[in-house]
Amino acid sequence: MTDVLTPPPSRARRELGIALLRTMIRIRVLEEGIEKHFLAGEIPGFAHLSIGQEAVAAGTCANLRADDSIASTHRGHGHTLAKGTPMRAMVAELFARATGVCKGKGGSMHIADFSVGMLGANGVVAGGFGLVAGAALSAQQRKTDQVAVCFFGDGATNRGPFHENLNLCAVWNLPAIFVLENNKYASTTSTAETMKIADVAVRADGYGIPAVVVDGFDAFAVYDALGAAVARARSGGGPTFVECKTYRARGHFIGDPERYRQKAEVEDVMSASDPIVRLQATLGEALSPDDFERIWREARAEFDDAVAFARSSPSPEKSEAFFGAYAGDRDASDAVHRIEERERAAFLPFAPELGSGSHGGAH
Amino acid sequence: MTDVLTPPPSRARRELGIALLRTMIRIRVLEEGIEKHFLAGEIPGFAHLSIGQEAVAAGTCANLRADDSIASTHRGHGHTLAKGTPMRAMVAELFARATGVCKGKGGSMHIADFSVGMLGANGVVAGGFGLVAGAALSAQQRKTDQVAVCFFGDGATNRGPFHENLNLCAVWNLPAIFVLENNKYASTTSTAETMKIADVAVRADGYGIPAVVVDGFDAFAVYDALGAAVARARSGGGPTFVECKTYRARGHFIGDPERYRQKAEVEDVMSASDPIVRLQATLGEALSPDDFERIWREARAEFDDAVAFARSSPSPEKSEAFFGAYAGDRDASDAVHRIEERERAAFLPFAPELGSGSHGGAH
Amino acid sequence: MPTLSFSDATLEAMREEMRRDPTVFLMGEDIAKQGGIFGQFKGLPQEFGFDRVRDTPISEAALVGAGVGAALTGCRPVVDMHFADFITCAMDEVVNQAAKLRYMFGEQCVVPMTLRAPDGITKSAGSQHSQALESWFVHTPGLEVVVPADAEDAKGLLKAAIRSDNPTLYFEHKALFPQRGPVPDGDDFVVPIGKAKTMREGSDVAILTYGITVGRAMEAAALLEADGIDATVVNLRSVWPLDYDAIADAAARTHRVVVAHEAVRVGGVGAEIAAWIGEHCFDDLDAPVARLGAAHVPVPFAPVLQEAMYPKAPMIADAARRLARREL
Amino acid sequence: MPTLSFSDATLEAMREEMRRDPTVFLMGEDIAKQGGIFGQFKGLPQEFGFDRVRDTPISEAALVGAGVGAALTGCRPVVDMHFADFITCAMDEVVNQAAKLRYMFGEQCVVPMTLRAPDGITKSAGSQHSQALESWFVHTPGLEVVVPADAEDAKGLLKAAIRSDNPTLYFEHKALFPQRGPVPDGDDFVVPIGKAKTMREGSDVAILTYGITVGRAMEAAALLEADGIDATVVNLRSVWPLDYDAIADAAARTHRVVVAHEAVRVGGVGAEIAAWIGEHCFDDLDAPVARLGAAHVPVPFAPVLQEAMYPKAPMIADAARRLARREL
Ligand SMILES: Cc1ncc(C[n+]2csc(CCOP(=O)(O)OP(=O)(O)O)c2C)c(N)n1
Ligand SMILES: Cc1ncc(C[n+]2csc(CCOP(=O)(O)OP(=O)(O)O)c2C)c(N)n1
Ligand SMILES: [Mg+2]
Ligand SMILES: [Mg+2]
């Protein structure tokens, strides 16, 4: 009992480490699987992988409650999984199925799960800053102790909304945490080409926001930095900026010709810094090879199950295209419904390939 | 002769001081006159006065050539006059006359004079950053040694375009100079309410742009800081950030109830720091009371002449409303002309109070 | 019925909704200490505190972005855009975030945000402070767009906007703020979004309009009456959802329609309405639908130019007269 | 006539104009080292240097703002928006600066800037990467807006846009880049802004369209031919200035008009065209003008949903058929 009340740090740390490792391995397995199924033509649209960056998602979200919010980016699979979205709901969404977490309307670039406080990937770079400032403002207005975390890349810090929202959060002392995944590139441009500063963290000084720079390959380092930031925010201490130095091991998107860097650069970084290998090493004998293997096996089984689920799930009904833009558009007593119904009626008769205009409707 | 080739600094300095003082007094006289005629109902629209800030406009523009560009703000009378626009053209514009520098289409908030490199006041806060980044980029592309200067307020530094354009100018090493007139307020909000930093200049660090903070009431200090910045920019040294600590002695706009500050605050600042009084003191006996009075007399005469010119100038022809949006809209051989002509033809017949649709046309 | 200024009617709406729902809050530039550039927020911070009525930095993109984020997480923010022209500084947040999130995310969320946007031509404010931009947002699925014409609309539509679970743009004409009119009181008075109001019934011609142009159309109707022409005037109130039933009804009863607004005529809401009438009321029409709107130029500074480029009562009356006389 | 892909046709236009005028330069995200996400800039930095073909930070507001500033001071910048959807990130710069400065400043300046904006629905890019936004800019006085339909247009309209002294938006559909077609070569080949091209003459019905929908309309015309319906297809090429003469002519010759585009139907350019036809060709029309455009929803991700919500050949043919059979 006592050791439950006051567990020896080493043990708590070990359990934490294994939990972080499990999350990172699940992300890795998920994204390697996404890559495979994307190339096999089972996943439409764009997909951006975060392989190499898993420690940031895992170390950050391990500090969050389900009622805390995160805003993600176009590279959001890791954030989404780490915040708690089931693989089935994610894979089904990427496969564009009706059982996807967004009913197949969002896909990889616009995946969200409000049931776990995941306010969405965003197809617009820097689109998350406002959402997080707003979620933090909402917590302050509603007098809760929730916090909101914004994940973003180095490239996003060159957009205006980064500047405006960080300043706003500082001035209003909002419970917002800004987690920069500095992976050295924005698509084809390196940070050296797009900013004349070594650490983006210096920008936080311009808002009076405290900043730390951490090794983004070290899940414990990220976890500890976020632990402090989350504690500050929850207790009314205001925003924190955490720059995680990391690296994108895959192309910007699946299929990227990667003309802007050498293969060797990628291999060097990953052989030196793969965050999964790193954490396994840190844990040492605290984690047996068998246990390590089991985590991988379980993750692969979870993914295979998710793929089977997605494949056996139906595509959305065509008529679903015409619903969901407005609250009220399925409710016959609502003015929005009346006009959107009229819009469908104006559209569908000309679309014989969609059958009669009568399909769909409230359901 | 020799003293012309190598004038004793003291003398050059004196002449410079007198030139700066003349510019500041001309601005003061112009704006006190604008205030009077605005309240008398002779000036439509909005007008924002820079009384108290004259040293920034004078000290900056004294370093510029006619082929250098400036972008101004809603508070741009001083910048415009200091860059070389004649009072007649300015006052006629504010009086909405056809002889105004913008033919009466711009007014105080959108006054521009391309003949002296004045790219315009701007009704959009932070609208000037892009124009200056572009003018500096244009100089670099055309391989000239021109520079571009952006005037802006403390409030403008909370908008995204500030962030994006300063970073762009830094990354491309553009000949752009950013002159912040930190007058402690953005309309009704004090800098204390809208940013958590003492000097906005720290934001320049986030772009790797060298910054200086100067006493914006001291015309010589502004002149010297800009001298260095202009020299750097002309010689390919890239952008500089100059924060001028100053104060707005009048309301945000003419008619501002000024609920956000005490009258005493204004009186204290101006009695201690009026930049004209300051410079006169600095010059000491280098400037006789008579000469000082003559400068005021000449400025008043110049303004009275400008008002007489404006009053005797015609309003624009009504038909002028329909021309000028497009290059080519006065040229019968141009597709743009054809469609805009058609637009006028569709508009005017219904406007009997404007007479027939036939008026206007190319002229 | 009590008489209020348009500005005070919006104040009453804010007060009632803020009392009714503690998650309603307000942010914008110069609204709290000063009470808004048109006095439209006077007294609110005194009653609700400076936390629920916030002066902000000049950061439109952040204000709207944060409005969306707050709306996604349990609040009903009202964001004041200062001037409608500055919506352009937050266009991604309005169009790519607020309007699309509910749909993209499979209806997991609602975005109950209201944007207040003082707009329109008045007092030589010039090209960058005079626009009427509602047409862009009618073309942007996911948004509701309302345009009050008088004090009654001002209160009732603002309350409806705040209560709506959809992101709603509320375009309030700067020149209307001082205008007074009767306003039903009581918490329950709401003007339903998507329903037009017929201001005047007449059989010869119908003038379909909204916002400040409703008053100009009523003046025009009075001028027409003098010529023995009996005009219907419809105040659309909402431009999305549009009340197509009211539009069809007016076309069917008069066979001659003028559509008028202050926004630029080309590509304006009037184009949507005229095109729709042409499609759905083809056989009802005895004459073309006449569209009136601002000329295809920015708004000039000089009063003489400004007053020459948008439709007022004589212009509306002239168009209606020509339709009635089949001169079109 | 040589055959080129749409993408290579734009490359040829860039090359010719950059050779012809040293003040033409190009900036955008991922255009120089990578050659653009659609390969539409390949080889340009090798010929013209990385100063005239610039990779930029992700700073759309700055790129367009700087484009305006450079255009005001002696250059002819071409700014690539990456995706048309991101014009929203620079909306103030486009609408309140580029479009208005010449007018506000009394014609002291020109703004010869071109914005290239890859747009439209393809490959499940989703709600935030699939929009067609030209209608907003037709409603914004001061701008020119062109929409190429094929490789010939791609080259000729881009050259015209770069040469224009007005700020010009060039909307290029992402799905067109690989499509091949004949392209007149030679520096002098320019497609005049403001003139439409009749792709096909037919007496039964006219399909007025632009951009990628031109190809869909040509397919529809082939389907109609099988039913013995002879269709005119007009490629508008420019949506501002609009070639109203060509529009009036088509209406006068066929008495039945379909207007089609991929952009949202409500408030789209089709509304302006249909409304204008209703006003100016009232007596020519034997049937209502049928407007086709995307449904009033964001663009969904799932292919089955995406393909269900915008007009393609069968839908256009069906509308034309109903008009021809007077079923509308
Ligand atoms: C406003 C905007 N501009 C451009 C793009 C195209 N784009 C998508 S991701 C990306 C690079 C983002 O870089 P960074 O923020 O560092 O994130 P990373 O991809 O490295 O995770 C770009 C340019 C976009 N989606 N949104
Ligand atoms: C984008 C935008 N937002 C708001 C306004 C309204 N406005 C005009 S001036 C001003 C204050 C500007 O403050 P600052 O930049 O410090 O300049 P100052 O007035 O002090 O010279 C505001 C909020 C505007 N014109 N443009
Ligand atoms: Mg990156
Ligand atoms: Mg200020």
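Protein sequences appear in the order of chains A, B, C and D. Under our numbering, read the first sequence as residues 1 to 363, first letter to last. Under our numbering, read the second sequence as residues 364 to 726, first letter to last. Under our numbering, read the third sequence as residues 727 to 1054, first letter to last. Under our numbering, read the fourth sequence as residues 1055 to 1382, first letter to last. C-beta atoms are modelled at their ideal positions from N, C-alpha and C, and glycine is treated no differently.
Query, Result
"Since D/V1122 contacts B/G497 with CB under 8 Å, what's their CB separation in whole angstroms?", "6 Å"
"Rank B/E621, B/Y689, B/A709 and B/A484 by C-alpha distance to the C-alpha of C/K759 and give the top, closest one.", "B/E621"
"So which residues on chain C does A/P161 lean against when the C-beta distance must stay under 7 Å?", "A787, A788 and G791"
"Going along chain A, which residues have a C-beta under 7 Å from B/N530?", "N158 and M195"
"Which class does C/P803 belong to by DSSP, given the choice of helix, strand or coil?", "strand"
"Give a yes or no on whether 9 Å exceeds the smallest Cβ distance from A/F322 to chain D.", "yes"
"Got a sec? Which residues, its chain only, sit under 7 Å from C/A1034 by beta carbon, not counting five neighbours each side?", "none"
"Contact criterion: CB-CB distance below 9 Å. Does B/E606 meet it with respect to chain F?", "No chain F is present in this structure, whose protein chains are A, B, C and D."
"Give the DSSP-derived three-state secondary structure of C/E1053 in the structure shown.", "coil"
"Which of helix, strand or coil does DSSP assign to A/S271?", "helix"
"So is D/T1057 buried or exposed if we call it buried at 16+ other beta carbons inside 10 Å?", "exposed"
"Less than 9 Å between the beta carbons of C/D781 and B/E648, yes or no?", "no"
"If contact means a Cβ-Cβ distance below 7 Å, which residues of the region 1140-1152 of chain D contact chain C?", "T1142, C1143, M1145, D1146, V1149 and N1150"
"Closest by CA to A/W296, which one among A/G160, A/R28 and A/S190?", "A/R28"
"Tell me where the alpha helix (DSSP H) around D/S1292 begins and ends.", "Note, D/S1292: premise wrong, no alpha helix (DSSP H); beta strand (DSSP E) at S1292 to W1294."
"Going by CA-CA distance only, name the one from D/V1288, D/D1258 and D/G1269 that's closest to D/D1281.", "D/D1258"
"Based on Cα-Cα distance, which residue from C/A797, C/F767 and C/P1014 lies nearest to C/R1048?", "C/P1014"
"Here's the rule I'm using: 16 or more other beta-carbon atoms within 10 Å means buried, otherwise exposed. How should A/A89 be labelled?", "buried"
"Going by the beta-carbon positions, is the gap between D/S1189 and D/A1300 smaller than 9 Å?", "no"
"Exposed or buried, what is A/G238 when buried is set at 16 or more other beta-carbons lying within 10 Å of its beta-carbon?", "buried"
"Comparing C-alpha positions only, which one of A/H163, A/S313, A/V124 and A/L64 sits nearest to A/A233?", "A/L64"
"Output the residues surrounding ligand 3, defined as those with a CB atom closer than 7 Å to any ligand heavy atom, in chain order.", "A/G153, A/D154, A/G155, A/E181, A/N182, A/N183, A/K184, A/Y185, A/A186 and A/R248"
"Measuring straight from C-alpha to C-alpha, what distance separates C/L950 and A/L119?", "55 Å"
"Whose Cβ in chain D lies nearer than 8 Å to the Cβ of C/Y829?", "S1181, V1351, P1352 and P1354"
"What residues in its chain sit with their C-beta under 6 Å from that of B/S432, if we drop five residues either side in the sequence?", "G480, L482, A498 and A511"
"Going along chain C in order, which residues have a C-beta closer than 7 Å to the C-beta of D/S1189?", "H865 and G993"
"Measuring CA to CA, which of A/S138, A/V124, A/A249 and A/A176 is closest to C/K826?", "A/V124"
"For D/T1286, which residues does DSSP report across the bridge?", "D/A1260"
"Does the beta carbon of C/H899 sit closer than 9 Å to a beta carbon anywhere in chain D?", "no"
"What is the residue span of the beta strand (DSSP E) that C/R906 lies within?", "R906 to P908"
"Which class does A/N182 belong to by DSSP, given the choice of helix, strand or coil?", "strand"
"Leaving out five residues before and five after A/S358 in sequence, what residues of the same chain have Cβ atoms less than 7 Å from its Cβ?", "Here A/S358 scores only 38 on pLDDT, less than 50, and its place in the model should not be relied on; the value that follows carries that caveat. Same-chain partners within the cutoff: there are none."
"What residues in the region 997-1026 of chain C have a beta carbon less than 7 Å from any beta carbon of chain B?", "L1018, A1021, H1022, V1023, P1024 and P1026"
"For the region 1322-1335 of chain D against the region 1146-1162 of chain D, are there 3 or more C-beta pairs whose distance is under 8 Å?", "no"
"According to the neighbour-count rule (16 or more other Cβ atoms, all chains shown, within 10 Å of its Cβ), is D/R1074 buried or exposed?", "exposed"
"Which residue spans inside the region 569-614 of chain B form an unbroken alpha helix (DSSP H) run of at least 4?", "582-597"
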